[in-house]
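Colleague: According to our numbering, the first sequence is numbered sequentially starting from 24. A virtual CB, placed ideally from N, CA and C, is assigned to each residue, including glycine. Computed from a predicted structure; not experimentally measured.
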Amino acid sequence: MPEGHSVRRLAHQFGDVFTGEALSVSSPQGRFAAGAALLDGHTLTDSRAHGKHLFLHFDHAMVLHVHLGLYGAWDFGGDATFRGASSIGAPRKVGEQELFDDDGDDGDYQGPPEPRGAVRVRLVSAHGWADLRGATTCAVITEAEALAVLARLGPDPLRNLPGDRSRFAAGLQARKTPVAALLMDQKVIAGVGNVYRAEVLFRQQLDPWLPGNALSRGAAELLWDDTAAVMADGVRDGRIITTPAVYWDAGALLPAGEHAHYVYKREGLPCRVCAGPVAVTGLVGRKLYWCPGCQQDAQ
DNA sequence: GTCTCATGGACAT
DNA sequence: TGTCCCTGAGACG
24 MPEGHSVRRL AHQFGDVFTG EALSVSSPQG RFAAGAALLD GHTLTDSRAH
74 GKHLFLHFDH AMVLHVHLGL YGAWDFGGDA TFRGASSIGA PRKVGEQELF
124 DDDGDDGDYQ GPPEPRGAVR VRLVSAHGWA DLRGATTCAV ITEAEALAVL
174 ARLGPDPLRN LPGDRSRFAA GLQARKTPVA ALLMDQKVIA GVGNVYRAEV
224 LFRQQLDPWL PGNALSRGAA ELLWDDTAAV MADGVRDGRI ITTPAVYWDA
274 GALLPAGEHA HYVYKREGLP CRVCAGPVAV TGLVGRKLYW CPGCQQDAQ
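(1) Starting from THR304, follow the beta strand (DSSP E) in both directions and report where the run begins and ends.
(2) For PRO185, does the count of other Cβ atoms within 10 angstroms reach 16, so buried, or fall short, so exposed?
(3) Relative to the C-alpha of GLN133, which candidate in GLY151, GLU121, GLY38 and GLY140 has its C-alpha closest?
(4) Just the Cα atoms here: how many angstroms apart are LYS310 and ARG143?
(5) So, for LEU146: in the same chain, excluding its five sequence neighbours on each side, which residues have a beta-carbon less than 7 Å away from its beta-carbon?
(6) Is TRP232 helix, strand or coil when you go by DSSP?
(7) Could you please give me the residues that DSSP links to ILE111 through a beta bridge?
(8) Contact check, ALA169 vs VAL86 under 8 Å by CB: the rounded distance?
(9) In terms of residue numbering, what span does the beta strand (DSSP E) encompassing VAL144 cover?
(10) What does PHE81 pair with, by DSSP beta-bridge criteria?
(11) Roughly how many whole angstroms lie between the Cα atoms of ARG156 and THR165?
(12) Closer than 8 Å is the cut-off here; do at least three beta carbon pairs connect the region 296-310 with the region 196-216?
(13) Mapping the DSSP letters down to three states, classify VAL86 as helix, strand or coil.
(14) DSSP three-state call for SER49: helix, strand or coil?
(15) So HIS83 and ALA162 are in contact, right, with Cβ under 8 Å, and what is the actual spacing, rounded?
(16) For TRP247, name the three-state secondary structure that DSSP assigns.
(17) Could you give the DSSP three-state label for ASP126: helix, strand or coil?
(18) Short of 8 Å in beta carbon distance, which residues of its chain neighbour VAL30, apart from the five on each side in sequence? Order them along the chain.
(19) Pick helix, strand or coil for LEU155, following the three-state DSSP scheme.
(20) So TYR312 and VAL286 are in contact, right, with Cβ under 8 Å, and what is the actual spacing, rounded?
(21) Could you tell me the distance, in whole angstroms, from the CA atom of GLY100 to the CA atom of VAL253?
(22) Helix, strand or coil for PHE37? Go by DSSP, reduced to three states.
(23) What are the residues that DSSP puts in a beta bridge with HIS73?
(24) Give the secondary structure of LEU238 by DSSP, where H, G and I count as helix, E and B as strand, and everything else as coil.
(25) From ARG198 to ASP249, what does the alpha carbon distance come to, in whole angstroms?
(26) Do you know whose CA, among TYR94, GLY95, HIS65 and ARG106, lies nearest GLN36's CA?
(27) Take ALA192 and list the residues in its own chain whose beta-carbon comes closer than 7 Å to its own, dropping the five residues that flank it on each side.
(28) Please name the residue or residues paired with ILE164 in a DSSP beta bridge.
(29) So which of PRO180, LEU238, LEU233 and GLN228 has the shortest CA-CA distance to LYS210?
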């Protein structure tokens, strides 16, 4: 899935291309027909992200709440006006990765294409369209219900509001759960997924099994700051890159070798720092990638 | 064609 | 801790 950085980019994108526009809302797949009818014809007034949750606010105080889950994705298309307004370029697909669809014919936009596959929701403005597929959550809720969703989420490092760092540090230190599990707990920190979890623990040289309450206040705050920094890079780049440029091939941004990560999906390969083999272990149902040499033996 | 896996999370047990 | 849901891509026959 899109971790928090992708959802933030999506919020920007909806703000840029659809805010202030009356939208036709439909569910080509049919599964969201009732929800679509509640929104159809209304104007998008605001677009917000918190962690992995996206909230599209409409002029009648109803909110489209979307969580992409593992497989969800949005894609976009439109005319020159739409593409010009887009912050991420359109047409685009934003899901597990961002793709540019180069079969788009800029010149003669004829409206949205025939829906392909299972399109849960389609939004259409005068200038463009957006399709949602495969989301875990897609629901029309009230403003109060949206606030309730926010209330059960932890601080979002991409917002990084005053007090968030302390709240995160306190959340870590209050529990004896392994720090690798706490980073995936959206009540502790919102927006981190399996890639950022593994990469940030490596960057901070933290043993994934270290209990939260064994971290010092300083270590917890550094973990927050590094997560905020690397996720902000992800918002800028539109992809998760956690390694510094020294590891990339000369030239463009990450060509041939793909050296974007330190440990994620690199099991068995030599660690970029200590050259020992990167390991993968199951932790609460997910795969945890880490370097025993750097993150355990060194402790 | 069929199977497996994936950057989640809710719920039951 | 296990099970189920959402969809599509790639590996395999």
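Modeller: In this structure, then:
(1) 302-306
(2) exposed
(3) GLY151
(4) 29 Å
(5) PHE41, LEU46, VAL48, TRP152 and ALA153
(6) coil
(7) Per DSSP, none; premise fails for ILE111.
(8) 5 Å
(9) 144-147
(10) LEU67
(11) 22 Å
(12) yes
(13) strand
(14) strand
(15) Between ALA162 and HIS83 the Cβ distance is about 16 Å, and since that is not below 8 Å, they are no contact.
(16) helix
(17) Because the pLDDT at ASP126 is just 48, under 50, the model does not fix this residue reliably, and the value given afterwards should be weighed accordingly. Three-state result, ASP126: coil.
(18) ALA72, GLY74, LYS75, HIS76, LEU77, LEU91 and GLY214
(19) strand
(20) 4 Å
(21) 29 Å
(22) helix
(23) HIS76
(24) coil
(25) 21 Å
(26) ARG106
(27) ARG240, ALA243, GLU244 and TRP247
(28) VAL86
(29) PRO180
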